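**Student:**
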Amino acid sequence: MSLEVQIEKKLADFTLDISFRAGSGPLSILGPSGAGKTMLLRCIAGLDRPDRGRLTLNDRVFFDSSQDIQIPARQRRVGMLFQNYALFPHRTVRQNIAFGLKKLPRVEQEKRVVALLERTHLGGVENRAPGELSGGEQQRVALARALAIEPEALLLDEPLSALDTHLRSQMESQLQQTFAAYRRPSLLVTHNIEEAYRLGAQMIVLSRGRVAANGAKEEIFRRPPSVEVARLTGCKNISRARATSDRTIEALDWGCTLRVAAEVAAPPAFAGIRAHLIEFSEVVESSFARDENTFSCWLVRSVEGPFSITLYLALQEPRAESASHHVQAEISKEKWQRLRDQPLPWHVRLAPEAVFLMKD
Amino acid sequence: MDWSPLWISIATSATATIVTLVLGLAAAAWRECRSGPVMALVDGIFLLPLVLPPTVVGFLLLLLFGRNGPLGKLFLKFGATIVFSWPATVIAATVVAFPLMYLTARAALEQVEPHLLQAARTLGASEWRVFREIALPLAWPGVLAGTILSFARALGEFGATLMLAGNIPGKTETIPIAIYFAVEANEMQRAATWCFIDVGISLALLAGLYYWTHWQGPGRLRWARR
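Chains as they are written, first to last, in our numbering: chain G, 38 to 397; chain D, 27 to 252.
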C-alpha cells in the first residue's frame with residue numbers, strides 16, 4: 038500500500054513542487070494557510086491537474102505528464118473529506134452515505150450503510166437532512182460517506198478546524214479509531230500543530246509549496262532540519278549561532294555560549310530550544326548554578342494561559358520591562374506558584390540535549 | 027367566437043417551453059465547464075434573440091428555414107415545409123424564449139456549491155449523474171423560474187411568429203396575432219376579449235412565479251445552509 042506523489046503545479050504566487058511517498062497509516066501534512074496543502078489533496082483526488090510529474094496509488098497511475106495520463110476523479114477510488122464537509126443538502130444522511138454505492142445491489146448497500154452508521158455513531162439521525170445536524174454529526178456523515186466506497190486512500194482537508202474544542206477532541210478520537218481500522222494511506226492536512234502531531238504517525242511540513250521536512254514526527258519536533266520547520270512546528274526560541282568548538286556554540290541572539298549534546302558537524306547557522314524544555318532551578322543550589330548551560334535570568338514579562346505560564350526572560354543581565362527578551366519559557370501553573378515568590382535573578386538551564394542546531 | 031387562437035397559443039407555448047427547457051439546460055450545463063474569449067461570443071449569440079427586434083429574428087429564421095435556407099432544404103428532403111406551418115410558431119417562440127431560460131439556468135447552476143459536485147465525482151459519479159442528481163436538483167428552483175418566464179415569453183411572441191408562420195386561422199394564428207388582425211379588421215370587441223385573456227394568463231403566470239419563489243425561497247436557504 039503506497040501513494041507516491043511527485044508533482045509540480047504553478048499557483049498564483051508560488052509553485053507547488055512536492056514529492057513524497059506515503060505508506061499505510063496516517064500521514065500529517067502540516068503547513069500554514071496558503072502553503073498549497075489543499076491543492077495537493079485536490080491533485081491527488083483528481084479535482085485539479087498538476088502541470089508536471091507523476092502520481093501513483095499502489096500500482097495504479099493516476100497522473101503522468103510524460104505519458105499524458107490523467108485518470109478522472111470518479112475512477113480513482115480516493116476518499117476525500119472536504120473542509121466544509123460538502124454534504125448533499127437535498128439528500129438524507131442515509132442517501133448521502135449511500136451515494137457512492139450505486140453500483141452495488143440494494144441489500145449490500147443497506148448493509149454497508151448500517152455498518153457505517155454504527156461505526157460513526159450516527160444511529161438515529163440517518164433519515165435527517167444534513168442541515169438539521171450539528172457540526173460534529175455532519176463531519177461524521179462526511180467521513181462515513183468517504184469510507185463507504187472503501188477508498189484505497191483517504192484525504193482529509195482540515196477535518197477538525199470548523200469544530201469547537203470539545204467536539205474537536207471527540208472527532209479526533211473518531212479519526213484515531215478510523216485510522217486504526219483503515220490501514221491504508223491517509224493524508225491529513227492541517228495548520229494545527231497539535232492535531233498534526235496527535236493524529237499522524239509520519240509527518241510532512243509544507244511551506245510555500247515545498248516539502249520542508251518529512252519523517253517521523255518525534256524526530257521533526259526534536260531536531261527540526263531548518264529554522265522554517267522549527268517555526269512551523271511551534272519553536273519560540275531561535276538564535277543565530279556559530280561553532281566555538283566541536284561541542285560548544287555561541288548563541289549570538291541570546292548572548293551565551295552553550296554546550297550541545299551531539300558533535301557540531303557542519304557549521305551551524307542557528308540554534309533553537311523549545312519553550313517547555315527550558316528548566317528552572319527552584320532553589321539556587323550552588324551546584325546547579327555552576328552547571329553547564331545554566332544562566333541567571335530576569336523576568337521581562339509573563340503571560341498567563343489556561344494551563345501554563347509563558348515567561349519572557351532576559352539572560353545574564355536584567356532588562357527594563359517591555360524591553361526585548363532573549364528566550365521564552367513555558368512552565369506549569371504549580372511550578373509558577375513556587376517560582377514567582379523567589380527573588381530575581383532566577384536560574385535557567387538550556388539542557389545540551391534540548392538544544393538543536395540548524396544550517397538555515 | 028372561435029377559440030382556436032387560445033389552444034394554438036397554449037400548445038405552441040407549452041411545446042416551445044419544453045424544447046427551450048431541454049436546450050437551455052443543455053447549453054447552460056455545456057457552457058458551465060468552459061471559459062475563454064470564444065465563450066463570450068457564444069454567450070452573445072445565445073442572448074441575441076433577447077435584444078434583437080422580433081422582425082430581425084423572424085427574417086433570420088426565414089433565411090434559415092425558407093425553401094432555399096440550409097435547414098429548410100434539409101426538412102424538404104423529408105417532405106416537410108416549415109414556413110407558414112404550426113411548427114414554425116414553435117420555432118419562433120423557442121428562439122425568443124431561449125435566452126431567458128439560458129440566463130436563469132446558468133445563474134441557478136452557478137449557485138450550486140462546486141465542492142458538492144467535486145465530492146460526487148470523488149464518490150465515483152459520472153458527469154451525467156453529477157448533473158442529474160446533484161447540480162439539477164439544487165438548481166431546480168431557479169430552473170423552474172426560468173421555465174415559467176420562458177412560457178410567458180413564448181405566449182407573448184408576435185413579430186417573429188408572424189414573419190415565419192404567418193397568420194393562418196386555426197393553424198398558426200396565436201392570441202397576439204389574432205389581436206393584431208382583429209384591430210386591423212376593426213373588430214374591437216374581439217381584440218379586447220383576447221387582450222383580457224392574454225393579460226389574465228400572463229398575470230397568473232407571473233404572480234404564480236412570484237408566489238412560488240417567495241415561498242420556496244426560505245426553504246432553499248435552509249437547504250443551502252450547512
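Yeah, the Cβ is synthetic: ideal placement off N, Cα and C, and Gly gets one too. Keep in mind that this is a model prediction, so the values were computed, not measured.
Just tell me which of D:Ser228, D:Tyr236, D:His240 has its CA closest to the CA of Ile36 of chain D.
**Tutor:** Reading the second sequence from its first residue, position 10 is the one you call residue 36 of chain D. Nearest of D:Ser228, D:Tyr236, D:His240 to Ile36 of chain D, Cα basis: D:Ser228.
**Student:** Quick one: grab the DSSP three-state call for Glu341 of chain G.
**Tutor:** As a first step, residue 341 of chain G is located in the first sequence; it is residue number 304 there, counting from the start. Strand.
**Student:** Could you check whether Ala133 of chain D and Arg179 of chain D sit closer than 9 Å to each other, using their CB atoms as the reference points?
**Tutor:** Locating residue 179 of chain D in the second sequence gives position 153, where the first residue counts as 1. Locating residue 133 of chain D in the second sequence gives position 107, where the first residue counts as 1. At a Cβ-Cβ threshold of 9 Å, Arg179 of chain D and Ala133 of chain D do not count as neighbours.
**Student:** Quick one: which residues of the region 124 to 147 of chain D get their C-beta closer than 8 Å to a C-beta of chain G? List them in chain order.
**Tutor:** Glu139, His141, Leu142, Gln144, Ala145, Ala146, Arg147
**Student:** Quick one, which residues of the region 113 to 125 of chain G are near chain D if we go by CB-CB under 8 Å, in chain order?
**Tutor:** Arg113, Arg114, Val115, Gly116, Met117, Phe119, Asn121, Tyr122, Ala123, Leu124, Phe125
**Student:** Comparing alpha-carbon positions, which option in G:Arg113, G:Ser102, G:Gln104, G:Leu53 lies nearest Ile81 of chain G?
**Tutor:** If you number the first sequence from 1, residue 81 of chain G lands on position 44. Selected option, being the one with the closest Cα: G:Arg113.
**Student:** In the region 83 to 102 of chain G, which residues sit with their C-beta less than 7 Å from some C-beta in chain C, listed in chain order?
**Tutor:** Of the protein chains in the structure, G and D, none is chain C.
**Student:** I'd like to know if Gly137 of chain G contacts chain D, where contact means its C-beta is closer than 9 Å to some C-beta of that chain.
**Tutor:** Position 100 of the first sequence, counted from the first residue, corresponds to residue 137 of chain G. Under the 9 Å criterion on CB atoms, Gly137 of chain G is classed as interfacial with respect to chain D.
**Student:** Could you tell me which of G:Ile230, G:Arg131, G:Ala298, G:Glu195 sits nearest to Ser223 of chain G, measuring between CA atoms?
**Tutor:** Taking the first sequence and counting its residues from 1, one reaches residue 223 of chain G at position 186. Out of G:Ile230, G:Arg131, G:Ala298, G:Glu195, G:Glu195 has the C-alpha closest to the C-alpha of Ser223 of chain G.
**Student:** With distances taken from CA atoms, which of D:Gly105, D:Gly98, D:Glu183, D:Val156 is nearest Cys59 of chain D?
**Tutor:** One-based indexing of the second sequence puts residue 59 of chain D at position 33. Nearest C-alpha to Cys59 of chain D: D:Val156.
**Student:** List, in order along the chain, the chain D residues whose C-beta lies closer than 9 Å to that of Arg182 of chain G?
**Tutor:** On the first sequence, position 145 is the one that residue 182 of chain G refers to. In chain order: Ala145, Leu149.
**Student:** For a contact defined as C-beta to C-beta under 9 Å, what are the partners of Ser61 of chain D on chain G?
**Tutor:** Taking the first residue of the second sequence as 1, we reach residue 61 of chain D at position 35. Ordered by position in chain G, no residue passes the 9 Å Cβ test against Ser61 of chain D, which lies about 15 Å from the chain.
**Student:** Between the Cα of Ile286 of chain G and the Cα atoms of G:Phe119, G:Met395, G:Gln175, which residue gives the shortest distance?
**Tutor:** Taking the first sequence and counting its residues from 1, one reaches residue 286 of chain G at position 249. Nearest of G:Phe119, G:Met395, G:Gln175 to Ile286 of chain G, Cα basis: G:Met395.
**Student:** Counting only the same chain and skipping the five closest in sequence on each side, list residues whose C-beta sits under 6 Å from that of Asp101 of chain G.
**Tutor:** In the first sequence, counting from the first residue as 1, residue 101 of chain G sits at position 64. The beta carbon of Asp101 of chain G lies closer than 6 Å to those of Arg91 in the same chain, with the five residues before and after it left out.
**Student:** When burial is assigned at 16 or more other CB atoms within 10 Å of the CB, is Thr281 of chain G buried or exposed?
**Tutor:** Stepping through the first sequence from its first residue, residue 281 of chain G is reached at position 244. With fewer than 16 other Cβ atoms within 10 Å, it is exposed.
**Student:** Would you say Asn140 of chain G lies against chain D (beta-carbon separation less than 9 Å)?
**Tutor:** Position 103 of the first sequence, counted from the start, is the residue given in the question as residue 140 of chain G. At residue 140 of chain G the sequence reads Lys, which differs from the Asn that was named. Yes, Lys140 of chain G counts as interfacial toward chain D.
**Student:** Provide the residue span of the beta strand (DSSP E) that contains Phe177 of chain D, from first to last.
**Tutor:** Within the second sequence, residue 177 of chain D is the residue found at index 151, counting from 1. From DSSP, Phe177 of chain D is part of no beta strand (DSSP E) but of the alpha helix (DSSP H) over 162 to 181.
**Student:** Is it buried or exposed for Ile71 of chain D, if we count other Cβ within 10 angstroms and need 16 for buried?
**Tutor:** Along the second sequence, one-based indexing puts residue 71 of chain D at 45. By the neighbour-count rule (16 or more Cβ atoms within 10 Å), Ile71 of chain D is not buried but exposed.
**Student:** Of all Cβ atoms in chain D, is any one closer than 9 Å to the Cβ of Glu111 of chain G?
**Tutor:** Sequence index remark: in the first sequence, residue 111 of chain G carries index 74 (1-based). Correcting the residue type first, residue 111 of chain G is Arg in the shown sequence and not Glu. Chain D has a Cβ within less than 9 Å of the Cβ of Arg111 of chain G.
**Student:** Which whole-angstrom value describes the C-beta separation of Val116 of chain D and Gly92 of chain D, a residue pair presumed to lie in contact below a C-beta threshold of 8 Å?
**Tutor:** Stepping through the second sequence from its first residue, residue 116 of chain D is reached at position 90. Stepping through the second sequence from its first residue, residue 92 of chain D is reached at position 66. Contact flag wrong, Cβ pair sits at about 17 Å.
**Student:** Measure the C-alpha to C-alpha separation of His313 of chain G and Ser345 of chain G and round it to an integer number of angstroms.
**Tutor:** In the first sequence, the residue the question calls residue 313 of chain G occupies position 276. In the first sequence, the residue the question calls residue 345 of chain G occupies position 308. C-alpha separation (whole angstroms): 10 Å.
**Student:** Using a Cβ-Cβ cut-off of less than 9 Å, list which residues of the region 167 to 181 of chain D approach chain G; keep chain order.
**Tutor:** none
**Student:** State the beta-bridge partners of Gln239 of chain G as determined by DSSP.
**Tutor:** On the first sequence, position 202 is the one that residue 239 of chain G refers to. Beta-bridge partners assigned by DSSP to Gln239 of chain G: G:Leu64, G:Ala253.
**Student:** For Phe332 of chain G, which option in G:Gln214, G:Trp291, G:Leu94 has the closest C-alpha, if you only look at C-alpha atoms?
**Tutor:** One-based indexing of the first sequence puts residue 332 of chain G at position 295. Of G:Gln214, G:Trp291, G:Leu94, the residue nearest in Cα terms is G:Trp291.
**Student:** Among the candidates G:Arg356, G:Cys272, G:Arg279, G:Ser56, whose CA atom is the shortest distance from the CA of Ile315 of chain G?
**Tutor:** On the first sequence, residue 315 of chain G is found 278 positions in, with the first residue counted as 1. Per the Cα distances, G:Cys272.
**Student:** Mind the definition here: the region 142 to 154 of chain G touches the region 93 to 107 of chain G only if three or more C-beta pairs lie below 8 Å; say whether that holds.
**Tutor:** Result no; under three Cβ-Cβ pairs closer than 8 Å.
**Student:** Could you give the residue range of the beta strand (DSSP E) that holds Ala366 of chain G?
**Tutor:** Locating residue 366 of chain G in the first sequence gives position 329, where the first residue counts as 1. From DSSP, the beta strand (DSSP E) with Ala366 of chain G extends over 364 to 369.
**Student:** Considering only residues of the same chain and omitting the five flanking positions on each side of Arg246 of chain D, which have a CB-CB separation below 8 Å?
**Tutor:** Here residue 246 of chain D is taken as the residue at index 220 of the second sequence, counted from 1. Residue placement at Arg246 of chain D is flagged as unreliable, the pLDDT there being 46, under the threshold of 50; the coordinate-derived value follows with that caveat. Within the same chain, Arg246 of chain D has close Cβ partners Pro167.
**Student:** Closest Cβ-Cβ distance between Pro195 of chain D and chain G: below 9 Å?
**Tutor:** Against the second sequence, residue 195 of chain D aligns to sequence position 169. Output row for Pro195 of chain D: interface = no.
**Student:** If I'm right that Lys185 of chain G touches Tyr122 of chain G with Cβ under 8 Å, what's the distance once you round it to whole angstroms?
**Tutor:** Taking the first sequence and counting its residues from 1, one reaches residue 185 of chain G at position 148. Taking the first sequence and counting its residues from 1, one reaches residue 122 of chain G at position 85. Checking the displayed sequence, the identity of residue 185 of chain G turns out to be Ala instead of Lys. Their Cβ separation, rounded to whole angstroms, is 15 Å, which puts Ala185 of chain G and Tyr122 of chain G out of contact at 8 Å.
**Student:** For the beta strand (DSSP E) that Ser56 of chain G lies in, which residues bound it at each end?
**Tutor:** On the first sequence, position 19 is the one that residue 56 of chain G refers to. 52 to 59 is the extent of the beta strand (DSSP E) around Ser56 of chain G.
**Student:** Skipping 5 residues on each side, what residues in its chain have a beta carbon closer than 6 Å to that of Asp28 of chain D?
**Tutor:** As a first step, residue 28 of chain D must be located in the second sequence, where it is residue number 2. In its own chain, leaving out the 5 sequence neighbours on each side, no residue places its CB closer than 6 Å to the CB of Asp28 of chain D.
**Student:** For Gly60 of chain G, count neighbouring Cβ atoms within 10 angstroms of its own Cβ and tell me buried if that reaches 16, exposed if not.
**Tutor:** Taking the first sequence and counting its residues from 1, the one referred to as residue 60 of chain G is at position 23. Exposed.
**Student:** Quick one: list the residues of chain G neighbouring Leu164 of chain D, beta-carbon separation under 9 Å, in chain order.
**Tutor:** As a working note, residue 164 of chain D is residue 138 in the second sequence. In chain order: Phe125, Pro126, His127.
**Student:** Should Pro355 of chain G be labelled buried (16 or more other beta-carbon atoms within 10 Å of its own) or exposed?
**Tutor:** Residue mapping note: residue 355 of chain G aligns to position 318 of the first sequence, counting from 1. It is exposed - the Cβ of Pro355 of chain G has fewer than 16 other Cβ atoms within 10 Å.
**Student:** Return yes when the Cβ of Pro31 of chain D is within less than 9 Å of the Cβ of Gly185 of chain D, no when it is not.
**Tutor:** Sequence index remark: in the second sequence, residue 185 of chain D carries index 159 (1-based). Sequence index remark: in the second sequence, residue 31 of chain D carries index 5 (1-based). Not a contact, by the Cβ cut-off of 9 Å.
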